[in-house]
Structures are given as C-alpha cells and as structure tokens.
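When you line the sequence shown up against numbering that gives the first Met the number 0, it's residues 0 to 110, in that order.
Below: the structure, in structure tokens.
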Amino acid sequence: MILTWILAVFSFYQIFKFLKIGKTGEYEIMEAQVLAVKGKHYPGRMYQIVVQDKDGSRIRIRIQKEKNLMVGKTYRFYFGKVERVEGKAAKIGELMYEVFYGAEEIPQEER
C-alpha cells in the first residue's frame with residue numbers, strides 16, 4: 000500500500016511538472032527525419048539517433064531506450080531548453096540535451 004501511494008505522488012508530480020513546462024514554454028521543438036539508429040541493442044540506458052532537419056543539417060541525439068523511433072519516419076522532438084555552447088560539439092553537429100521529453104510521429108499529410 001505504501002508503494003502505491005509513492006507511485007501516485009510521483010505520477011502527480013510528473014503531471015504537474017509537464018503542465019508547468021507547457022504553460023511556461025520551457026521547451027524546444029525540432030522536426031526531423033530519423034536517418035539511423037545506433038546502439039539500440041548495446042547495454043546501457045541510452046542510444047543514439049542521427050536525424051536530418053528541414054535545413055538539411057544532420058544531428059546526433061542521445062535518447063532513452065524506452066523511446067522507439069523508426070528509421071525513415073519524421074518526428075517532432077521535444078527537449079528541455081539548454082544553452083548552446085560553442086566548441087567541439089557544435090563542430091560535429093551533436094546535440095546533447097539534458098532533458099528529452101518525447102517525440103511524436105508527424106503524419107505524411109502534415110509534412
């Protein structure tokens with residue numbers, strides 16, 4: 000019973016946190032097509048995807064393995080806002096976001 004209460008409190012906390020993020024606009028959106036998925040079957044909690052945005056820039060993103068993304072499909076990615084730091088990561092086109100909120104597939108007719 001205690002575990003149920005702990006899970007309920009945590010769930011409500013997550014819901015209110017996402018509502019606050021949506022209301023304050025503290026997120027970034029990126030629409031991109033998945034070109035490759037790397038490391039999905041390796042041990043660990045994260046894997047890497049390579050995406051291409053509408054401008055043609057290829058970007059590598061590390062996300063949690065619970066998120067199933069398919070190569071060739073276009074998604075709308077939601078991230079927590081972070082400051083951009085110039086340097087090596089910017090040169091190789093790699094985005095390391097502190098918080099990945101999720102992704103939704105963009106239907107063919109919306110593209």
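Even for Gly, the Cβ is constructed at its ideal location relative to N, Cα and C.
This one's a predicted model, so the numbers in the text were calculated from it and none came from an experiment.
- A buried status is given to F78, since no fewer than 16 other beta-carbon atoms sit within 10 Å of its beta-carbon.
- Just so you know, the alpha carbons of Y26 and I5 end up roughly 27 Å apart.
- With a threshold of 16 other beta carbon atoms within 10 Å, F9 falls short and is exposed.
- By the CB criterion at 7 Å, I48 and R75 fall outside the cutoff.
- For the 7 Å CB-CB criterion, Y46 and K64 form a contact.
- Straight across, the Cα-Cα distance linking E103 with L2 is about 31 Å.
- The three-state secondary structure of V70, taken from DSSP, is coil.
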